[in-house]
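First comes the structure, then the notes that go with it.
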Amino acid sequence: TGGKDRRSGLILTIPLCLEQTSMDELSVTLDYLLSIPSEKCKARGFTVIVDGRKSQWNVVKTVVLMLQNVVPAEVSLVCVVKPDEFWDKKVTHFCFWKEKDRLGFEVILVSANKLTRYIEPCQLTEDFGGTLTYDHMDWLNKRLVFEKFTKESTSLLDELALINNGSDKGTQQERERSIDLNFLPSVDPETVLQTGHELLSELQQRRFNGSDGGVSWSPMDDELLAQPQVMKLLDSLREQYTRYQEVCRQRSKRTQLEEIQQKVMQVVNWLEGPGSEQLRTQWGIGDSIRASQALQQKHEEIESQHSEWFAVYVELNQQIAALLNAGDEEDLVELKALQQQLSDVCYRQASQLEFRQNLLQAALEFHSVAQDLSQQLDGLLGMLCVDVAPADGASIQQTLKLLEEKLKSVDLGLQGLREKGQSLLDQISNQASWAYGKDVTIENKENVDHIQGVMEDMQLRKQRCEDMVDVRRLKMLQMVQLFKCEEDAAQAVEWLSELLDALLKTHIRLGDDAQETKVLLEKHRKFVDVAQSTYDYGRQLLQATVVLCQSLRCTSRSSGDTLPRLNRVWKQFTVTSEERVHRLETAVAFHSTAEKILQECPEQPEAFNEMDQFDEIEAVGKSLLDRLTVPVVYPDGSEQYFGSPSDMASAAEHIREKMKLVSLKKQQLRQPEAATPES
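First residue of the sequence shown: 16, per our numbering; consecutive thereafter.
Laid out in C-alpha cells, this is it:
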C-alpha cells in the first residue's frame, strides 16, 4: 500500500477472505509483490499484516507458516489481525512467539484497533483504522499498464535492436536480407511510446501532487522504482525508434529508388522494343489520299500507345526531380543517370513520332495536290475532247479565255505539286538510319520512286494537254476569223443592199440641163465604184470563209446563204445601175440637143435646114419619158421603180417643158420659111 513501519520497511498486507484460499496462488502473488521493490528497499525489511478477520484460524496459521518459505529473511514482524474474542481458546496450544527462532521472524496476534501500537496510523489504511489513502484497483490498473508497457517496450527494444543492428551489417545483400526478415515490429512503436509517456505522466503527477483529499502522502517505493524504469525504457525506445525510422526511411528510399529504376527500365524497354518496332513497320507514305489517311490513323494509334508511356515518363521525371532535390548525395549519380537515360530514350522516340507525323502530313498534302491537279487535268482534257460548236465569235472568245484560265490553273497546280513533292523528298532524304534503328534505303527508294513517278506523270499529262490546247487555240482562232469573215461578208451584203436602196430611192434626178446631168452621171459612176468595191470585199471574205472551212473541216453556217444573197443584190444593183446610166445618158443627149436648138439664132436658119433634128429630139424625149414610166426588171422577174411616182412625174414634167420649148422653136423657124415664097 506504500505504508512503512517504524524502521522504514515496507508494509505487506495479506487480506484473507471467507472463501478457500489457494496457497499456490498466494505464493505466486507474494513472489510477484516482493519482486517489485528495489534491493535497497528490501534491505530495510518488511512488516507483514495478515488480515484474518474474515478467515479461519487454520488458514491463517498456514499462511504464516508459508511466509517462512516465501518472504525473505528481511521480514522482521508479522502482524496477524484477529477477530475480536474469537481465537482466544484455540491458539493456546500454538504460540507464534515461541516459534520465532524456527520461523525467522516475530509473529503477533493483534486486534485491528490495537495495530497502531506497532505501526503508525498514517502508514495504515482505513481498513485498519489508519489514514493512508490507498486505492487497490487504481494501483492494480497502473501496475498492469506498467507491466504491459515494460513487456512490450522490452520486446520492442529487442526487435528494433535486431532490425537496426541488421541494417549495419557489412554487405548490401546481408543488410537488405536482415531488414526483410525483421522489418516490421510486432507492436506499433508509436503506441508503445504514447503508453509510456502517459504512464510516466501519471506517475510523476502522483509524486508531486496530493491525493484527491488534498492530504500529502509519500509515494510508494515501487513507483519510485517504476519512474526510472519507464524513463529509461522511453529513452531507449526513442533512440532505437529514431534509428528504426532512419532505417525505414533508407529502406523506403531504396524501395522507391528500385521502383523508379524498375519503371524506368519498363519505359525504356518498351520504347526501345515494341515502340520502336511499331515505327519500323510504318515506313510507307501511301499512294493516295485515302492510303495516307489510313497511315495517319494507324500512326495516331501508335502515338496513343506512346502517350501512355510518356505519361509514365513525366511522372517518373517528377519523382526523380523530387529525390534529387532531397539532396542525398549517395543517390545523386544513380538518379541523374536514370533521368538522363529516360530523357534520352523518350526524346528520341518523341522525335521519331514527330518526324513520322510530319512526313505523313507532307505526304497527305502531296497526294491532295496531286488529286486536285489530276481533276483539273481531267476537266481540261474533257473540255478539249468535246468538239467546239460555238454560236458566235464572242462565245468562242469566252471559251478560249476559259481554256487559258484552266491551263494557267494547271500550271499553278503543277508548280504546287513540285514544291510539295520536293519538300517531301527533302524530308525523306533526311530520314537517316538512326530514325528507326535500321537502314531505310530500300523503303525510301520506293517512296522516292512513287513521288517522282507521280510528278512525271502529271508533267506528261500537262504537256499533252498543252499540245491539245495549242491545237484547240489555233482552231478556235480560225473559227473566230471565220465568224469575222462571215459577219463582214453579211455586212457587205447589207451595205450593198443599202446602196441599192439609195440608188432606187434617192438617185432619181435627171438634171435640168446637160451640164448638171453630166455631173450626175459622174457621181453615179463613183457611186458604182463604191458598190463594186463593196461587192469585191464581200467576195473576198466569202472566199476566205471557204478556205477557213476547208481548214477547219466544217461547213460554214452562213456562207452558203451569204454568197447567193451577195450575187443577187449585186445583180440587182448592176441592172439598176445600168438603167440609171442609160437614163442619164439619154438625158444628156436630150438636154444637149435641146439646148443647142434653143441657143441657135433666128438669123441663121441654115442651121436648121434639116428638120430631122427636131424629130430626133422629140423621139429622144419621148423615149426618155417612156423609160421613166418603166420599172427596173431584175433577173428573177421582180420589178422596182426609181423613186416615188411624184418624183418621176416631176422629172417627166421638166422634160415635157423642155420639149415644148423645142417644139415652139420649131414653129418659129417654120414661119419665116412660109413667108419667103409668098414674098
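Each residue gets a CB set at the ideal place from its N, CA and C atoms; glycine is no exception.
task = For R685, collect the residues of the same chain with a Cβ closer than 8 Å to its Cβ; drop the 5 residues on either side in sequence, then sort them by chain order.
result = Here residue 685 refers to the residue found at position 670 when the sequence shown is read from its first residue. In the same chain as R685, and ignoring 5 residues on each side of it, no C-beta atom comes closer than 8 Å to its own.
query = In the structure shown, what three-state DSSP assignment does P30 receive?
reply = Start at 1 with the first residue of the sequence shown, and residue 30 comes out as number 15. Here P30 sits in strand by DSSP.
ask   = Terminal residues of the continuous beta strand (DSSP E) containing D66?
value = Position 51 of the sequence shown holds residue 66. The continuous beta strand (DSSP E) containing D66 extends over residues F61 to D66.
ask   = Looking at C-beta atoms only, is the number of pairs between the stretch 59-77 and the stretch 26-41 that lie closer than 8 Å three or more?
value = Yes, they touch.
query = If L578 sits next to V484, beta carbons under 8 Å apart, how far is it from one beta carbon to the other, in whole angstroms?
reply = Numbered from its first residue, the sequence shown carries residue 578 at position 563. Numbered from its first residue, the sequence shown carries residue 484 at position 469. With a Cβ gap of about 34 Å, L578 and V484 do not count as contacting.
Own chain, CB closer than 6 Å to N462, minus 5 neighbours either side, in chain order = Sequence index remark: in the sequence shown, residue 462 carries index 447 (1-based). Excluding residues within five positions, the ones whose Cβ falls inside 6 Å are I300 and I443.
request  = Go to V90, then tell me how far its beta strand (DSSP E) extends in each direction, as first and last residue.
outcome  = Residue 90 sits at position 75 when you count from the first residue of the sequence shown. Unbroken beta strand (DSSP E) run through V90: V90 to V96.
A505 versus R479 - alpha carbon distance = By 1-based counting over the sequence shown, the position of residue 505 is 490. By 1-based counting over the sequence shown, the position of residue 479 is 464. Taking the straight line joining both Cα atoms gives about 38 Å.
Close-in-space but distant-in-sequence residues of the same chain around Y149 (CB under 6 Å, 5 per side omitted) = Here residue 149 refers to the residue found at position 134 when the sequence shown is read from its first residue. Cβ neighbours of Y149 beyond the five flanking positions: T16 and T140.
key: Cα-Cα separation, E162 to V245   = Position 147 of the sequence shown, counted from the first residue, corresponds to residue 162. Position 230 of the sequence shown, counted from the first residue, corresponds to residue 245. Looking at the two C-alpha atoms, the distance is approximately 10 Å.
inquiry  = Among the candidates T165, V282, L427 and V401, whose CA atom is the shortest distance from the CA of D359?
reply    = Residue 359 sits at position 344 when you count from the first residue of the sequence shown. Closest option to D359, Cα to Cα, is V282.
request  = Just the C-alpha distance for A385 and D426, rounded to the nearest angstrom, thanks.
outcome  = As a working note, residue 385 is residue 370 in the sequence shown. As a working note, residue 426 is residue 411 in the sequence shown. Each residue's alpha carbon lies about 12 Å from the other.
ask   = Do you know offhand how far R253's Cα is from G119's?
value = Against the sequence shown, residue 253 aligns to sequence position 238. Against the sequence shown, residue 119 aligns to sequence position 104. Cα atoms of R253 and G119: separation of roughly 46 Å, rounded to the nearest angstrom.
key: Contact check, Y552 vs W585, beta carbons under 9 Å   = Indexing the sequence shown from 1 puts residue 552 at position 537. Indexing the sequence shown from 1 puts residue 585 at position 570. Taking 9 Å as the Cβ cut-off, Y552 and W585 do not qualify as a contacting pair.
Supposed close pair Y256, L208 - CB separation, criterion 8 Å = Working through the sequence shown from its first residue, we reach residue 256 at position 241. Working through the sequence shown from its first residue, we reach residue 208 at position 193. With 8 Å as the limit, Y256 and L208 qualify as a contact, their Cβ atoms being about 7 Å apart.
query = What are the uninterrupted segments assigned as beta strand (DSSP E) that are 3 or more residues long and contained completely in the stretch 296-367, given in chain order?
reply = Complete beta strand (DSSP E) runs here, min 3: none at all.
ask   = Hey, out of V202, E349 and R583, whose CA is closest to R269's CA?
value = Taking the sequence shown and counting its residues from 1, one reaches residue 269 at position 254. Nearest C-alpha to R269: E349.
inquiry  = If the criterion is Cβ atoms closer than 9 Å, does the pair A604 and K673 meet it?
reply    = Start at 1 with the first residue of the sequence shown, and residue 604 comes out as number 589. Start at 1 with the first residue of the sequence shown, and residue 673 comes out as number 658. It is not a contact, given that the beta carbons lie outside the stated cut-off.
Span of the beta strand (DSSP E), counted from its first residue to its last, around L124 = As a first step, residue 124 is located in the sequence shown; it is residue number 109 there, counting from the start. Annotation for L124: the continuous beta strand (DSSP E) segment containing it runs E121 to V125.
inquiry  = Among the candidates L497, S424, E89 and K637, whose CA atom is the shortest distance from the CA of R671?
reply    = Against the sequence shown, residue 671 aligns to sequence position 656. Selected option, being the one with the closest Cα: K637.
request  = Specify, as a first and last residue, the run of the alpha helix (DSSP H) that Q133 falls within.
outcome  = Residue 133 sits at position 118 when you count from the first residue of the sequence shown. Inspection of the sequence shows that residue 133 is occupied by Tyr rather than by Gln. That residue, Y133, is in no alpha helix (DSSP H); it is neither H nor E in DSSP.
inquiry  = Less than 9 Å between the C-beta atoms of L45 and V75, yes or no?
reply    = Residue numbering aside, residue 45 sits at position 30 when the sequence shown is read from its first letter. Residue numbering aside, residue 75 sits at position 60 when the sequence shown is read from its first letter. L45 is not a Cβ neighbour of V75, given a cutoff of 9 Å.
key: For L310, the nearest candidate out of A378, R568, L392 and T62 (CA to CA)   = If you number the sequence shown from 1, residue 310 lands on position 295. Comparing C-alpha distances from L310 to each of A378, R568, L392 and T62 shows the shortest one belongs to A378.
ask   = Given that a residue counts as buried once 16 or more other Cβ atoms are within 10 Å of its Cβ, and exposed if not, what is V65?
value = The residue you call residue 65 lines up with position 50 of the sequence shown. Result: buried.
CB-CB length for G428 against L395, believed under 8 Å = Locating residue 428 in the sequence shown gives position 413, where the first residue counts as 1. Locating residue 395 in the sequence shown gives position 380, where the first residue counts as 1. Not really, about 10 Å apart at Cβ, beyond 8 Å.
message = Can you look up Q655 in the DSSP assignment and give me helix, strand or coil?
response = On the sequence shown, position 640 is the one that residue 655 refers to. Strand at Q655.
key: Cβ pair Q334, Q276 closer than 9 Å   = The residue labelled residue 334 in the question sits at position 319 within the sequence shown. The residue labelled residue 276 in the question sits at position 261 within the sequence shown. Taking 9 Å as the Cβ cut-off, Q334 and Q276 do not qualify as a contacting pair.
CB-CB length for V96 against F143, believed under 8 Å = Taking the sequence shown and counting its residues from 1, the one referred to as residue 96 is at position 81. Taking the sequence shown and counting its residues from 1, the one referred to as residue 143 is at position 128. About 7 Å separates the Cβ atoms of V96 and F143, confirming a contact at the 8 Å cut-off.
ask   = Going straight from the alpha carbon of A337 to that of C361, what length do you get?
value = Residue mapping note: residue 337 aligns to position 322 of the sequence shown, counting from 1. Residue mapping note: residue 361 aligns to position 346 of the sequence shown, counting from 1. Spanning the alpha carbons of A337 and C361 requires a straight line of approximately 19 Å.
request  = Label G468 either buried or exposed according to how many other C-beta atoms from any shown protein chain fall within 10 Å of its C-beta, with 16 as the threshold for buried.
outcome  = Counting from 1 along the sequence shown, the entry for residue 468 is found at position 453. G468 sits exposed, since fewer than 16 C-beta atoms from the chains shown fall within 10 Å of its C-beta.
ask   = Are there 16 or more other CB atoms within 10 angstroms of the CB of Y259, so buried, or fewer, so exposed?
value = Your numbering for residue 259 matches position 244 in the sequence shown. By the neighbour-count rule (16 or more Cβ atoms within 10 Å), Y259 is buried.
inquiry  = Looking at the strands, I want to know which residues DSSP matches up with V648.
reply    = Indexing the sequence shown from 1 puts residue 648 at position 633. V648 is bridged by DSSP to E654.
query = Counting along the chain, where does the alpha helix (DSSP H) carrying V86 start and finish?
reply = One-based indexing of the sequence shown puts residue 86 at position 71. Per DSSP, V86 belongs to no alpha helix (DSSP H) and is neither H nor E.
inquiry  = Based on DSSP bridge pairs, tell me the residues matched to T140.
reply    = One-based indexing of the sequence shown puts residue 140 at position 125. In the DSSP output, where bridge partners are listed per residue, T140 has L147.
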